[in-house]
Every structure is written in structure tokens, then in C-alpha cells.
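In my numbering, the protein residues as written are 1260 to 1618.
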């Protein structure tokens, strides 16, 4: 859930902001042409001022408008089995907000400085240490601030409603919109602008910004900060591990989008497993279970029951995730994290009847 917050400029917050930023580094290794010498030249060309103009021209306003409206239709069709989740007027309003968000993202993308030839020639040995600005991605706090007004207005569409399923509709809509827009671009262009689209999808529901802001209350030598700093970069790996366990346990599970092995379902699962971790670290840094009890739990109660997720899957989801997190901590760190993982599991268990449990 997105709440407006300012990140104080402290050594502790700077460390977590850097880790947050790393989530949006272009994944060059994902390209099948990463070993092709010509690939690097194409990357430099697409990153140039002229290349960004060409990309922006492909993602013109009319295309964004048409694709966001098409994504709205897809998202409504996917959620039509949920009564009253969103009427047509609300869906159109969400579509209008998403159009504004994507137009702003394309504008920001076009304005970024290009990669210099000297920097580019060194990328092979230092790619993971390069700042986001090298790849034309704004400072993450700057990007968050630039689109926050739009996202907060967008989010009001479900905060004004008592139905948290609307948040699921919104993340689905962003996912569909971004996927369709990326199909209009070359693979190299997708690598460069894709992180912008990933950021906006996550920013709606994953409280990483609040995690960074909460670090302001901790010193650099804080054991609490240390464990968050150690585990936060492992969020994707932890999510992948837990997803594989769930896939093995529930091979026959089917939702409207397919089984757990469906790429779209996998994407949603991994995003949500990352969301759970962000909420865990927010609780740890704030020394409070309120974010889980007042936000995450309410969201899960409404969404999971309506999309047909059985209680047993929710139970194992939490258990596997918390166990995987704890397995990656030292003995002293485990003593810090364990009370929160136990309390989160207990919070879900206390309301298990609302997830369809019969015991």
C-alpha cells in the first residue's frame, strides 16, 4: 500500500535506498544476446538522447491510451467473478490515471542523460556498481517523488472504497499495461525502460519506500538495520525459493489465470512474496505489527478468498516464507526477527476462518 512519506537523509536510509534502487537495475544478463558484441552498441545507441526520443515516439500518447484501455478490459474480465469489485466508471477512472502515469514515465525516460562512451566501455567489469543514472533511470527517491502525486490520486480509487480487491485490480492493470507497451519496443529498449514499468507496478503495493524511511530511526551499528540490510537484497531469491516450494505442494491448483506454473501467475506470486517481505521489514524497523494487521492482513482476507486461494496454501505461503527468511539469518539475527515472523503467522492463523479454514 502506498502512503506518502519522506525519506530523511541519514546514513541508514541512504544504505537502504541504495538496496531499493538495485531492484530496478537493467537485467542485462536476461538478454539472450548479452554475449553478442553488437548488443552493446545497440544498447549505447538506444541509451543516447536520440535513441530515447525514438523510444518515446513509439510510446506516444495515443498508443498508451489505447493500450491502457485494452488492459482495463483485460483486468475487468479477469476480475469479473468478484461482485462489485469495480464498475465500468471506476475502471475507466483507473485507466485514465494509468495513462497519466505512463505518460509521466515516458517523459522522465526521455529526459534522462545518455550513457557516455567512456562509461559504457567499462560496463563489463563494473555493471553492478553503476548508479541508476548511468542507465538513464532517475534516483529512486526522485522517481518516487515525481510520480507519487499521480499514484496517490490513483490509489484513492480503492481507499475510497471498502473493497481492498481494488488494489489487486490496479496492480493487474499496471502489469497488463506495461507488458503490452513493452511489446511495442525492441529487446534493448525493453531492457532500458522496463525498470520504470517494474517500479510503478511495485510502488502501488510494495512498501519499500516506507521501509527506507523507517531506517531513519536506526543508527548504522544497529543490529536491526544490519539484518534488514542483509536480507533485503535477497528478497527476489527468497521469493523464488518459496514459489518453488508452493509449486511442488500445489501442482493442481488453478486460478482464472491458470496454474502456479503459468508465467502470469508466477509473476504475481513472486511480486506478492516480495510484498510480504517488505511488510516484514517494515514491522521490524518500526517495531510494530500494525502494517501487517491493518494493511496486509486485510488485503489478503479480501483478495485470497475471492480468487480461490485455499487456506492451506496461505498457511504454507507464510510458513515457508518466514522459515526461508530465518534460515538466512545468524543466531543473533534470528532472535531479532523471530518474534515478528511468529506474530505475523499467528495474526493470519487467528483469522483463518475468514480464509475458509474449517478447523
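Glycine residues also receive a C-beta, built at the ideal position from the N, C-alpha and C atoms. Just so we're clear, the structure is a prediction, and the values are computed from it rather than from any experiment.
Element boundaries [alpha helix (DSSP H), containing residue i]
{"i": "residue 1463", "result": "1446-1464"}
{"i": "residue 1526", "result": "1522-1545"}
{"i": "residue 1355", "result": "1347-1370"}
{"i": "residue 1608", "result": "1590-1609"}
{"i": "residue 1299", "result": "1296-1306"}
{"i": "residue 1613", "result": "No alpha helix (DSSP H) holds residue 1613; DSSP gives it neither H nor E."}
{"i": "residue 1291", "result": "Note, residue 1291: premise wrong, no alpha helix (DSSP H); not H, not E."}
{"i": "residue 1499", "result": "1494-1508"}
{"i": "residue 1553", "result": "From DSSP, residue 1553 is part of no alpha helix (DSSP H); its letter is neither H nor E."}
{"i": "residue 1278", "result": "1270-1281"}
{"i": "residue 1586", "result": "1570-1586"}
{"i": "residue 1484", "result": "1482-1490"}
{"i": "residue 1265", "result": "No alpha helix (DSSP H) contains residue 1265, which DSSP labels as neither H nor E."}
{"i": "residue 1468", "result": "1467-1473"}
Neighbour-count burial assignment, residue i, 16 or more Cβ in a 10 Å radius
{"i": "residue 1486", "result": "buried"}
{"i": "residue 1617", "result": "exposed"}
{"i": "residue 1304", "result": "exposed"}
{"i": "residue 1312", "result": "exposed"}
{"i": "residue 1276", "result": "buried"}
{"i": "residue 1531", "result": "buried"}
{"i": "residue 1300", "result": "exposed"}
{"i": "residue 1571", "result": "exposed"}
{"i": "residue 1279", "result": "buried"}
{"i": "residue 1326", "result": "buried"}
{"i": "residue 1453", "result": "buried"}
{"i": "residue 1460", "result": "buried"}
{"i": "residue 1609", "result": "exposed"}
{"i": "residue 1306", "result": "buried"}
{"i": "residue 1494", "result": "buried"}
{"i": "residue 1335", "result": "buried"}
{"i": "residue 1579", "result": "buried"}
{"i": "residue 1350", "result": "buried"}
{"i": "residue 1371", "result": "buried"}
{"i": "residue 1600", "result": "buried"}
{"i": "residue 1510", "result": "exposed"}
{"i": "residue 1448", "result": "buried"}
{"i": "residue 1384", "result": "Note that residue 1384 has pLDDT 47, beneath the 50 cutoff, so the model's placement of it is unreliable and no number is given."}
{"i": "residue 1462", "result": "buried"}
{"i": "residue 1270", "result": "exposed"}
{"i": "residue 1567", "result": "exposed"}
{"i": "residue 1309", "result": "exposed"}
{"i": "residue 1479", "result": "exposed"}
Reference residue i; option with closest CA among the options
{"i": "residue 1398", "options": "1427, 1569, 1282", "result": "1282"}
{"i": "residue 1407", "options": "1436, 1361, 1432", "result": "1361"}
{"i": "residue 1552", "options": "1477, 1513, 1607", "result": "1607"}
{"i": "residue 1574", "options": "1611, 1427, 1567, 1545", "result": "1611"}
{"i": "residue 1555", "options": "1427, 1588, 1524, 1488", "result": "1427"}
{"i": "residue 1549", "options": "1602, 1595, 1593, 1504", "result": "1602"}
{"i": "residue 1400", "options": "1429, 1468, 1363, 1410", "result": "1468"}
{"i": "residue 1576", "options": "1500, 1547, 1561, 1402", "result": "1500"}
{"i": "residue 1412", "options": "1403, 1353, 1509, 1335", "result": "1353"}
{"i": "residue 1328", "options": "1475, 1605, 1431", "result": "1431"}
{"i": "residue 1451", "options": "1271, 1264, 1563, 1290", "result": "1290"}
{"i": "residue 1440", "options": "1492, 1288, 1318", "result": "1318"}
{"i": "residue 1496", "options": "1533, 1505, 1515", "result": "1533"}
{"i": "residue 1474", "options": "1462, 1284, 1365, 1544", "result": "1544"}
{"i": "residue 1369", "options": "1321, 1409, 1316, 1322", "result": "1316"}
{"i": "residue 1541", "options": "1364, 1477, 1403", "result": "1477"}
{"i": "residue 1446", "options": "1292, 1615, 1263", "result": "1292"}
{"i": "residue 1565", "options": "1520, 1517, 1523, 1615", "result": "1615"}
{"i": "residue 1332", "options": "1347, 1323, 1322", "result": "1347"}
{"i": "residue 1569", "options": "1310, 1323, 1508", "result": "1508"}
{"i": "residue 1558", "options": "1268, 1274, 1429", "result": "1429"}
{"i": "residue 1263", "options": "1287, 1364, 1274, 1410", "result": "1410"}
{"i": "residue 1465", "options": "1518, 1403, 1273, 1522", "result": "1403"}
{"i": "residue 1458", "options": "1405, 1605, 1479, 1504", "result": "1405"}
Cross-strand partners of residue i (DSSP beta bridge)
{"i": "residue 1518", "result": "1513"}
Answer yes if the stretch 1425-1443 comes into contact with the stretch 1349-1360, meaning at least three C-beta pairs across the two stretches below 8 angstroms, and no otherwise. yes
For the stretch 1453-1469 against the stretch 1534-1543, are there 3 or more C-beta pairs whose distance is under 8 angstroms? yes
Do three or more CB pairs link the stretch 1580-1592 to the stretch 1477-1491 at distances below 8 angstroms? yes
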